[in-house]
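K.L.:
Counting in our numbering, the sequence shown runs from 33 upward without gaps.
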Amino acid sequence: MAVKKIGLLGGSFDPVHLAHTALAETALNVLQLDELQLIPAANPWQRTPLQATGPQRLAMLTLAIKGLRGLSVNPIEIERGGSTYTIDTLRQLPPGAEYYWILGTDQLDNFCSWRSWEEIAQRVHLAVAQRPGTPAMAPAALAQRLDALGRKLLELPFEPMPVSATTIRQRLADGQPVQGMLNAAVAQFIAQCRLYQSAP
Numbered sequence: 033m034a035v036k037k038i039g040l041l042g043g044s045f046d047p048v049h050l051a052h053t054a055l056a057e058t059a060l061n062v063l064q065l066d067e068l069q070l071i072p073a074a075n076p077w078q079r080t081p082l083q084a085t086g087p088q089r090l091a092m093l094t095l096a097i098k099g100l101r102g103l104s105v106n107p108i109e110i111e112r113g114g115s116t117y118t119i120d121t122l123r124q125l126p127p128g129a130e131y132y133w134i135l136g137t138d139q140l141d142n143f144c145s146w147r148s149w150e151e152i153a154q155r156v157h158l159a160v161a162q163r164p165g166t167p168a169m170a171p172a173a174l175a176q177r178l179d180a181l182g183r184k185l186l187e188l189p190f191e192p193m194p195v196s197a198t199t200i201r202q203r204l205a206d207g208q209p210v211q212g213m214l215n216a217a218v219a220q221f222i223a224q225c226r227l228y229q230s231a232p
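(1) Kindly indicate which three-state DSSP category E130 falls into: helix, strand or coil?
(2) Contact defined as beta carbons within less than 8 Å: I believe I119 pairs with E151. What is the distance between those atoms, to the nearest angstrom?
(3) Which term fits T53, buried or exposed, when burial requires 16 or more other beta carbons within 10 angstroms of its beta carbon?
(4) According to DSSP, what are the bridge partners of A159?
(5) Indicate whether the contact test is met: 3 or more Cβ pairs, each with one atom in the region 40 to 54 and one in the region 83 to 97, closer than 8 Å.
(6) Would you kindly report the start and end of the unbroken beta strand (DSSP E) that includes V105?
(7) Residues in the same chain with beta-carbon distance under 7 Å from C225, minus the five sequence neighbours each way, listed in chain order, please.
(8) Which word fits T85, buried or exposed, when buried means at least 16 other C-beta atoms lie within 10 angstroms of its C-beta?
(9) Just reading off the alpha helix (DSSP H) that I71 is part of, what are its end residues?
(10) Have a look at A56 and L41 and give me their C-alpha separation to the nearest angstrom.
(11) Could you spell out where the beta strand (DSSP E) holding L204 opens and where it closes?
(12) With distance defined between alpha-carbon atoms, name the residue in K37, V35, A51, M33 nearest to E191.
(13) Under 8 Å from any heavy atom of the ligand COA, does the C-beta of A54 make it?
(14) Could you check if N61 is buried or exposed, using at least 16 other CB atoms within 10 Å of its CB as the buried criterion?
(15) Apart from the five residues on each side of it in sequence, which residues of its chain come closer than 8 Å, Cβ to Cβ, to V156?
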């Protein structure tokens, strides 16, 4: 029986936007994965506090991937709670599958600052979304580690989209439109819940 290939795309998803789902679909197709799980962080330790709650971000992700074959939402980090460390998540995943961790070149640059990064590199294949102007070069320590493991840094050809969660939050706070940045159902959910609005 063939080993299942599962992609993992972690993030704050505050909110999930069209570049997230486009990257997920790219990884699914390029790496020929059986499925790709989007994993919203409970409390990412390397960034500012989140604005939407865990249940709200799970709801937005579920809306964003509706009808997209092969994509699913894994609530493992939100259910665990507390500070989010990738290694804890990987140790909790069911054994027997081949896992691929999807990351951007910005995350690749500071990968060696992640908790137990050497073990992460051993547990998953790393696949990097190539951003123009930022070559997908593994930091020296990671390159050595991958070499020792007989692994390569996988590259995902991904044309970046001019959209970011920070920009979306700012535009919503300023009362500006966000068409073309969000899934329509996600935009409707944000409006209904009055998320990301500046204080009156």
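All C-beta atoms in this analysis are idealised placements derived from N, C-alpha and C, irrespective of residue type, glycine included.
Only a predicted model underlies this, so the values are computations on that prediction, with no experimental measurement involved.
P.N.:
In short, the structure shows the following:
(1) strand
(2) 6 Å
(3) buried
(4) I134, L186
(5) yes
(6) 103 to 105
(7) Q88
(8) exposed
(9) It is not in any alpha helix (DSSP H) - I71 instead sits in the beta strand (DSSP E) that spans 67 to 72.
(10) Taking the straight line from one Cα to the other gives about 7 Å.
(11) That residue, L204, is in no beta strand (DSSP E); its alpha helix (DSSP H) goes 197 to 205.
(12) When only C-alpha atoms are compared, the closest one is A51.
(13) Here there are no bound small molecules, and the ligand COA is not part of this structure.
(14) exposed
(15) L40, L122, Y131, Y132, W133
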